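Residue numbers (my numbering), protein chains in the order written: chain C, 1 to 275; chain F, 1 to 259; chain G, 1 to 341. Ideal Cβ positions, reconstructed from N, Cα and C, are used throughout, including at glycine. Note that the coordinates shown come from a computational prediction; the quantities given were computed from them, not determined experimentally. A quick write-up on the structure given underneath.
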Amino acid sequence: MFQNRMEGLALALPAAVFAAIVFLVPVGILLSEGFRAEGSWTLASYAGFFESELNRTVFWRTLKLGAIVTAVSAVIGYATAYSIVTLPPTARGRLIGLVVMPLMISPVARTYAWIVILGRTGFVNETIVWLGLSDTPIRFLFTETAVFIGLLQLFLPLMILSLISALENMPRDAVPAARVLGANWLQVFVKVILPLTKEGLVIGGTLVFTGSLTAYITPAILGGSKVLMLETLLYQRVTVANDFASASIIAMILMVMSFSANLLLKRLATARNKR
Amino acid sequence: MTSRLLSYVTLTLVLIFLLGPFVIIVAAALSGGETLAFPPQGLSFKWVMKVFEVESFRASFALSMFLAIFGTLAALVLGVPVAYAASRYRLPFGETIRTIVSAPIIVPGIIVGLALLRYLVIPLDVGVGVALFIAHTALILPYAVRVVSASLDNLRSDIEEAAVILGSTRVATFFRIVLPNIQSGILAAFILGFVTSFNQVPVSLFLSGPGVRTLPIDMIWYMEITYDPSVAALAALLAFLSISIVFLAERFLGFSRYV
Amino acid sequence: MSDETYLDLSDLTLAYGKTVAVDRLNLSIRKGELIALLGPSGCGKTTTMRAITGLLRPASGTITLDGADITHVPANRRHVGLVFQSYALFPHLTVFENVAFGLRLKKLPTAEINQRVEAGLAMVGLSKFHSRKPAELSGGQQQRVALARSLVMQPKVLLLDEPLSNLDARLRLEMRTELQRVQRESGVTMVFVTHDQNEALALADRIVVMKEGVIEQIGSPEDVYNRPQSRFVADFVGFENIFPVENGQIVTENGRLELSGAASVNAPGLAWRPNMVSLGNGRFEGEVLGAAFAGGSREYLLMSPLGPIKAEMDAAAPVFEPGSKVAFDLPPERAAVLERM
């Protein structure tokens with residue numbers, strides 16, 4: 001440790017000042033707009049926001065999809081992660097690489113593929129018509145399902161990676177011990193795997209949940225204006241109606257959700273360590 | 001063993017789900033037909049060639065490259081001193097500084113873009129391009145700090161003291177002793193920042209306009225106009241680009257150590 | 001070794017924030033001496049060493065080296081060398097470049113640098129190791145590179161932080177001999193810091209025993225070993241029976257004993273090593289609580305009117321069984337007289 005703390009401060013200041021001015025200040029002002037109406041501080045704008053049925057629908061839909069994506073990714077995540085950790089090391093490394101690969105590709109590209117697959121002339125529909133399951137193409141795009149699938153594909157790798165990490169840190173003999181004592185797989189999962197990998201589940205869950213809440217491209221491309229989520233609503237309100245008050249409110253909601261999730265994560269992580 | 005079979009089936013299905021779309025994009029990109037479809041009607045490189053001809057793609061590609069390279073460099077110029085200070089000194093307001101510098105990760109990008117548009121670009125008449133540059137730098141800063149910090153934490157500070165006692169100044173010590181030993185960390189930070197910036201969408205949404213668009217935004221815009229496979233070709237090319245960069249990084253740097 | 005003071009620490013007070021680590025320390029070291037700063041962790045020895053190097057600025061006091069006041073001279077301009085406990089070699093440089101580092105900073109001509117580095121490496125027996133990197137060396141080899149790196153700078157004082165602690169017994173002996181040889185050949189003034197009394201006794205010309213930021217005793221190894229001046233030092237060098245004295249009696253919370261008539265001790269305490277306690281005859285009686293064979297000797301734990309006493313007899317002497325009563329004495333003429341308790 002070096003003694004001269006002022007020296008250290010001087011080194012750190014440019015970055016801190018930059019971040020504060022360029023980032024904190026504008027964002028702070030933006031958020032404060034939600035609390036002002038006609039020159040005074042009030043929560044009226046918030047009340048007004050939630051009076052609109054569309055806004056409420058969008059709000060709940062965002063939360064709902066976030067929760068469903070998280071839950072489904074947890075289930076699939078566990079199965080996948082468990083399968084991966086039981087493989088020998090070289091195969092494991094390769095598979096982790098394959099799981100990570102999508103993360104490096106632009107979300108635009110990843111989401112775009114679904115148009116090809118789910119569109120009216122897309123792969124799925126062509127197959128369905130060809131198999132004779134339906135006479136006309138089914139509308140998959142611009143539905144909540146499409147957004148759900150898109151989000152799931154986007155964030156599933158994050159959950160899988162978190163769970164792999166958690167499973168690798170689990171004592172190796174815990175599962176065989178439980179099996180020998182007579183537990184079936186469901187019991188093994190609930191009583192052994194789940195408690196021991198709680199931390200990884202929380203980390204993965206937070207990443208997936210906040211990611212889904214604050215996603216833009218996927219809801220924009222796959223949901224369009226028929227299935228609005230909070231971020232796409234925000235964009236629409238600003239570009240179409242110049243409605244910055246709503247934008248500020250939505251921004252605040254998104255930030256509170258994001259921030260709370262991060263806080264929850266920190267809290268749970270340190271609670272675990274105390275034991 | 002059935003559980004082994006179950007494992008394989010699960011893995012296969014999940015991998016198809018995760019990677020299938022990528023395969024489809026590549027196939028669509030090589031399509032010989034006129035519209036976006038899968039399976040492709042015939043194979044051809046014409047859409048891949050078309051990508052290079054579209055004027056706006058070239059322009060937005062250049063902009064995205066510029067932002068990725070120089071934004072990351074700027075983030076490193078700001079971030080390396082912070083990481084060093086946090087690692088080697090007991091900073092006054094240490095926690096606060098750490099939080100401020102990491103904040104951009106927590107705030108959704110779209111909010112940053114909007115805030116900058118409203119309070120920097122419009123009132124102060126700062127150009128959209130400049131605002132984009134600032135925004136990208138701010139967004140990459142937390143990643144730069146985090147990765148370089150990991151590197152610094154692994155480097156003992158007593159070699160710096162040894163250099164000082166042998167007659168070196170603090171500044172010279174930083175360049176002769178510290179930097180050479182955190183090289184791979186800085187490179188890893190650069191790659192991470194580059195990829196993050198290049199793929200970034202939300203922040204660039206509001207800070208775009210005719211002639212000033214990052215590549216992902218341009219792709220979205222193009223998709224709204226036409227349905228031809230050149231977007232697929234572009235997406236495929238970009239995907240290959242990202243993957244190769246990260247693959248090479250892992251090969252030569254052991255990238256995953258830092259992230 | 002001249003008699004003049006070469007390195008002088010005067011009323012030196014060192015602190016970390018509000019905690020005082022070293023309190024008004026005074027120490028004079030002669031040119032060419034080998035000094036050991038000896039004490040338990042937290043006693044201030046490492047802090048003092050860092051102050052001499054300039055890595056720590058004193059809160060008050062002065063440091064004078066070779067006639068010049070260096071108290072406020074920055075660490076990179078003092079002519080002081082430091083061999084770190086962790087060796088602190090530069091991982092990205094070869095052995096040659098590590099040793100040459102300081103010389104290059106001085107912008108000396110290449111020929112001279114090469115010559116001095118060669119000489120340095122030869123002095124520590126690593127002539128063939130030029131192009132190795134630190135990671136390829138053993139601990140002992142790394143230490144020698146660190147030593148060469150400091151020595152080629154021809155420092156006025158060479159400081160060493162726990163030079164022998166990380167080494168196994170055989171290497172320790174080798175390194176000790178090495179350090180003595182280097183010091184003899186180069187004549188450099190050396191100060192080393194250690195918590196191990198055996199290292200200090202073996203190497204040093206003078207030992208400075210420290211406790212909680214203050215010097216307890218300065219003396220030659222024989223002085224410190226045989227004539228500790230305080231309870232702390234006596235305990236540190238192995239006097240296991242240390243008792244306060246009042247009015248010609250040894251007084252502890254368990255009881256008291258008359259000292260033998262002739263000696264009237266005018267000091268607050270007396271200390272005996274286990275082998276100074278006479279067992280088998282004496283004016284007092286105690287009970288043997290435990291006996292342990294230790295190769296060349298036998299160690300005993302006695303319960304006496306004063307409380308527990310540790311004694312040691314030659315292995316060939318008659319054995320006293322645990323549980324038996326035995327006569328013993330604490331002859332005051334054999335004791336170390338403590339000036340402070």
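- In this structure, Leu264/C is the residue among Ile253/C, Thr111/C, Arg110/C, Leu264/C with its C-alpha nearest to the C-alpha of Thr206/C.
- For Met303/G, the pairing in a beta bridge is given by DSSP as Glu287/G, Pro308/G.
- Comparing C-alpha distances from Gln85/G to each of Val145/G, Glu33/G, Ala271/G shows the shortest one belongs to Val145/G.
- In this structure Leu268/C is not in contact with Val192/C, their Cβ atoms being roughly 19 Å apart against a cut-off of 8 Å.
- Bridge pairing for Ala215/C: absent [DSSP].
- Below the 7 Å Cβ cutoff, chain F contributes Pro21 as neighbours of Trp114/C, in chain order.
- Contact between the stretch 181-201 of chain G and the stretch 151-162 of chain G is established, with three or more Cβ pairs separated by less than 8 Å.
- Around Met65/F, no beta-carbon contact reaches into chain C at under 8 Å, the shortest distance being about 14 Å.
- Here Leu248/F is exposed, its C-beta having fewer than 16 other C-beta atoms within 10 Å.
- At least one beta carbon of chain F lies nearer than 7 Å to the beta carbon of Ser86/G.
- The bridge partners DSSP lists for Lys325/G are Glu287/G.
- Look at Ala75/G: its C-beta is under 7 Å from a C-beta on chain F.
- Annotation: the stretch 177-237 of chain G contains the following complete segments of the beta strand (DSSP E) (minimum length 3 residues), in chain order: 189-194, 206-211, 214-219.
- Note on geometry: alpha-carbon atoms of Pro107/C and Ile165/F lie some 51 Å from one another.
- Non-local C-beta neighbours of Leu279/G in its own chain, meaning closer than 7 Å and more than five positions away in sequence, comprise Tyr300, Ala311, Met313, Phe320, Val326, Phe328, ordered along the chain.
- In the three-state reduction of the DSSP assignment, Gly54/G falls in the coil class, being assigned neither a helical nor a strand state.
- Inter-residue distance for Ala59/G and Ile242/G is about 36 Å (C-alpha atoms, whole angstroms).
- For Ala316/G, there is no enclosing beta strand (DSSP E), as DSSP marks it with neither H nor E.
- Residue contact with chain F for Glu231/C: present (Cβ-Cβ distance below 7 Å to some residue of chain F).
- For Val77/F, the number of other beta carbons within 10 angstroms of its own is below 16, and it is reported as exposed.
- In terms of Cα proximity to Gly167/F, the closest of Gly282/G, Thr5/G, Thr53/G, Leu270/G is Thr53/G.
- Within the same chain, and ignoring the five residues on either side of Ile115/C in sequence, the residues whose Cβ sits closer than 8 Å to its Cβ are Gly122, Leu141, Ile221, Leu222.
- For Asn181/F, the nearest beta carbon of chain G is closer than 7 Å to its own beta carbon.
- Those residues of the stretch 129-154 of chain C placed with their C-beta closer than 7 Å to a C-beta in chain F are Gln153, ordered along the chain.
- Distances from the CA of Met255/C to each of Ala15/C, Leu30/C, Leu54/C, Met6/C were compared; the closest alpha carbon is that of Leu30/C.
- A direct Cα-to-Cα measurement between Pro308/G and Ala234/G gives close to 17 Å.
- The three-state secondary structure of Glu4/G, taken from DSSP, is coil.
- Comparing alpha-carbon positions, the option among Ala261/C, Ile253/C, Phe259/C lying closest to Ser32/C turns out to be Ile253/C.
- Distances from the alpha-carbon of His92/G to those of Pro180/F, Ile225/F, Gly211/F, Leu237/F put Pro180/F closest.
- Segment contact: the stretch 103-122 of chain F against the stretch 201-208 of chain F, three or more CB-CB distances shorter than 8 Å; contact assigned.
- In this structure, Val14/F is the residue among Ile140/F, Val14/F, Phe52/F, Glu53/F with its C-alpha nearest to the C-alpha of Ala81/C.
- Segment contact: the stretch 172-185 of chain C against the stretch 42-55 of chain C, fewer than three CB-CB distances shorter than 8 Å; contact not assigned.
- Contact annotation: Val69/C and Leu151/C have beta-carbon atoms nearer than 7 Å.
- The three-state secondary structure of Asp243/C, taken from DSSP, is coil.
- Rounded to whole angstroms, the Cβ separation of Leu139/F and Gly185/F is 20 Å, and the two are not in contact under 8 Å.
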